[in-house]
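For the sequence shown, the residue numbers in the working numbering are 1059 to 1369.
For glycine and all other residues, C-beta sits at the position ideal for the given N, C-alpha and C.
The next block holds one structure in the form of structure tokens; read it before the comments.
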Amino acid sequence: MDGANHSMVSEFVFLGLTNFWESQLLFVFSSIFCVASMMGNSLIILTVMMNPHLHSPMYLLLANLSFIDLGFSSVISPKMIHDLFKKRKVISFSGCITQIFFIHVIAGVEMVLLIAMAFDRYIAICKPLHYFSIMNQKMCILLLVAAWIIGLIHSVVQLGFVIKLPFCGPNVLDSFYCDFPWFIKLACTDTYRLEFMVTANSGFISLGSFFILIVSYIFILITVRKHSSGSSSKALSTLSTHVMVVILFFGPCIFVYIWPHSTSHLDKFLAVFDVVLTPFLNSVIYTSRNKEMKVAMWKVCSQFIIYRMIS
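Here it is, written out as structure tokens:
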């Protein structure tokens, strides 16, 4: 990027899929779920904004998670879908760096948001009498600010190590988008330490956060099991949705960044799953078992339909 770099590579080529019918099937699949994800997450954000009774920490955190998923879909999916039928799928060097930056900012923010949502459920279930004194507006804002700061630091620290790498030869990425594991391997230098740094920064942090979240939910589950009321069944339903989202988010991250002998076909499958399906499934999972959210979303849709008919 600067004068000392002397990078000979100005663009990268995505290998993607070489089979036409596989590309066509992936195009249809990705397009449907990308549009559905954007519409679903936008509806969640709009519903929370328009309903004052949903301005509680749980729903505000959910709206921010939907905003993050909306951003994740916007950063990768449109270009990936656009490239599927292009013979030569290219991205500029600066475009690749930009894509990596936003992917890891969003991933870092989502990681903290999921921990914040687990903390919110812990307080609501294990300390219900102190919920509104602990999870007040100030705490909610503090958690959101912390999420964005940690996400920015997580991304900038990694980029600081790799942005000056020399690229003077291969420029083919066996993927649909830019990310550190594939990006580093193309550098014209020994990258063992950098690969270890990426594994430590992204892989072990993901694994550690996943472990903390699972232990937290097990602890909450034990607390819930001690009660036999209707509210406990509702809490179990909420917890199950949180655990499903945690597994969907951390599963591909842990595999891609820690698994030492990943295969290109499996990497591509996880890439599509993580980029296209996860943002869509997050919105479906969080709303399918929440009656209050489904009623509020239906009201918003009804108001929109009535407005369109009148206008």
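Where the alpha helix (DSSP H) through Ser-1152 begins and ends: Within the sequence shown, the letter at position 94 stands for residue 1152. 1151-1184 is the extent of the alpha helix (DSSP H) around Ser-1152.
Using a Cβ-Cβ cut-off of 6 Å (strictly less than) and excluding sequence neighbours within five positions of Ser-1100, which residues of its own chain qualify? Translated into positions along the sequence shown, residue 1100 becomes position 42. Answer for Ser-1100: no residue qualifies.
Please report the residue range of the alpha helix (DSSP H) in which Phe-1125 lies. For the purposes of this step, residue 1125 is taken as the residue at position 67 of the sequence shown. Its alpha helix (DSSP H) spans residues 1115-1141.
Using only CA atoms, which one of Met-1367, Cys-1154, Asn-1348 lies nearest to Asn-1229? Within the sequence shown, numbered from 1, the residue matching residue 1229 stands at position 171. Nearest option by C-alpha distance: Cys-1154.
Does the beta-carbon of Gln-1216 have 16 or more other beta-carbons within 10 angstroms, so that it is buried, or is it exposed? What you label residue 1216 is simply residue 158 of the sequence shown in a count that begins at 1. Label assigned to Gln-1216: buried.
Should the region 1301-1313 be regarded as contacting the region 1198-1208, the criterion being three or more beta carbon pairs within less than 8 Å? No: the two stretches stay apart, fewer than three of their Cβ pairs being nearer than 8 Å.
If you follow the beta strand (DSSP E) that Val-1071 is in, where does it begin and where does it stop? Counting from one through the sequence shown, the residue named residue 1071 turns up at place 13. It spans 1069-1072 - the beta strand (DSSP E) in which Val-1071 sits, taken as one unbroken run.
Residues sharing a beta bridge with Val-1230, DSSP: Taking the sequence shown and counting its residues from 1, one reaches residue 1230 at position 172. Bridge partners of Val-1230 according to DSSP: Val-1071.
Does DSSP put Lys-1147 in a helix, a strand or coil? Residue mapping note: residue 1147 aligns to position 89 of the sequence shown, counting from 1. Of the three classes helix, strand and coil, the one that applies to Lys-1147 here is strand, per DSSP.
Give the secondary structure of Ile-1263 by DSSP, where H, G and I count as helix, E and B as strand, and everything else as coil. To locate residue 1263, count along the sequence shown from 1; it is residue 205. Note: Ile-1263 maps to helix in three-state DSSP.
Which whole-angstrom value describes the C-beta separation of Val-1133 and Phe-1070, a residue pair presumed to lie in contact below a C-beta threshold of 8 Å? Numbered from its first residue, the sequence shown carries residue 1133 at position 75. Numbered from its first residue, the sequence shown carries residue 1070 at position 12. The Cβ separation is near 16 Å, so there is no contact.
Pick from Thr-1257, Leu-1118, Cys-1092: whose alpha carbon is nearest that of Ile-1312? The sequence position of residue 1312 within the sequence shown is 254, counting from 1. It is Thr-1257 whose Cα lies nearest to the Cα of Ile-1312.
List, from N- to C-terminal side, the alpha helix (DSSP H) runs of 4 residues or more that fit wholly inside the region 1196-1251. Complete alpha helix (DSSP H) runs here, min 4: 1238-1243.
Per DSSP, what kind of secondary structure is Met-1066 in: helix, strand or coil? Within the sequence shown, residue 1066 is the residue found at index 8, counting from 1. Note: Met-1066 maps to coil in three-state DSSP.
Report yes or no: do the region 1081-1098 and the region 1338-1349 share at least 3 C-beta pairs separated by less than 8 Å? yes
What are the boundary residues of the alpha helix (DSSP H) that includes Arg-1366? For the purposes of this step, residue 1366 is taken as the residue at position 308 of the sequence shown. That run of the alpha helix (DSSP H) goes 1349-1368.
Per DSSP, what kind of secondary structure is Asn-1109 in: helix, strand or coil? Position 51 of the sequence shown, counted from the first residue, corresponds to residue 1109. It is coil, neither helix nor strand.
Is the distance from the Cβ of Met-1066 to the Cβ of Cys-1226 below 7 Å? For this step, residue 1066 is matched to residue 8 along the sequence shown. For this step, residue 1226 is matched to residue 168 along the sequence shown. In terms of Cβ geometry, Met-1066 and Cys-1226 form a close pair [threshold 7 Å].
How would you label Leu-1187, buried or exposed, when you count the other beta carbons within 10 angstroms and need 16 or more for buried? Residue numbering aside, residue 1187 sits at position 129 when the sequence shown is read from its first letter. Exposed, because fewer than 16 other Cβ atoms sit within 10 Å of the Cβ of Leu-1187.
What residue from Ser-1260, Met-1197, Met-1175, Ser-1114 has the CA that sits closest to Leu-1271's CA? To locate residue 1271, count along the sequence shown from 1; it is residue 213. Checked all of Ser-1260, Met-1197, Met-1175, Ser-1114; the closest Cα to Leu-1271 is Met-1175.
Assuming Ser-1135 and Val-1334 form a contact by the criterion Cβ under 8 Å, report the distance between their Cβ atoms to the nearest whole angstrom. In the sequence shown, residue 1135 corresponds to position 77, counting from 1. In the sequence shown, residue 1334 corresponds to position 276, counting from 1. Between Val-1334 and Ser-1135 the Cβ distance is about 6 Å, and since that is below 8 Å, they are a contact.
Tell me the DSSP secondary structure of Asn-1194 in three-state form. Residue mapping note: residue 1194 aligns to position 136 of the sequence shown, counting from 1. Of the three classes helix, strand and coil, the one that applies to Asn-1194 here is coil, per DSSP.
Once the 5 residues before and after Gly-1098 are set aside, which same chain residues still bring their CB inside 6 Å of it? For this step, residue 1098 is matched to residue 40 along the sequence shown. Hits under 6 Å: Ser-1341.
Verify whether the separation of the beta carbon atoms of Glu-1168 and Ile-1102 is less than 7 Å. For the purposes of this step, residue 1168 is taken as the residue at position 110 of the sequence shown. For the purposes of this step, residue 1102 is taken as the residue at position 44 of the sequence shown. Not closer than 7 Å, so no.
Would a C-beta distance cut-off of 7 Å place Asn-1122 and Ala-1354 closer than the cut-off? The sequence position of residue 1122 within the sequence shown is 64, counting from 1. The sequence position of residue 1354 within the sequence shown is 296, counting from 1. Cβ atoms of Asn-1122 and Ala-1354: not closer than 7 Å.
Whole angstroms are fine: how far does the CA of Lys-1352 sit from the CA of Ile-1278? The residue you call residue 1278 lines up with position 220 of the sequence shown. The residue you call residue 1352 lines up with position 294 of the sequence shown. Straight-line Cα distance between these residues: approximately 25 Å.
Of the listed residues Phe-1234, Leu-1112, Phe-1190, nearest to Ala-1329 (C-alpha basis): As a first step, residue 1329 is located in the sequence shown; it is residue number 271 there, counting from the start. Taking only the C-alpha atoms, the option nearest Ala-1329 is Phe-1234.
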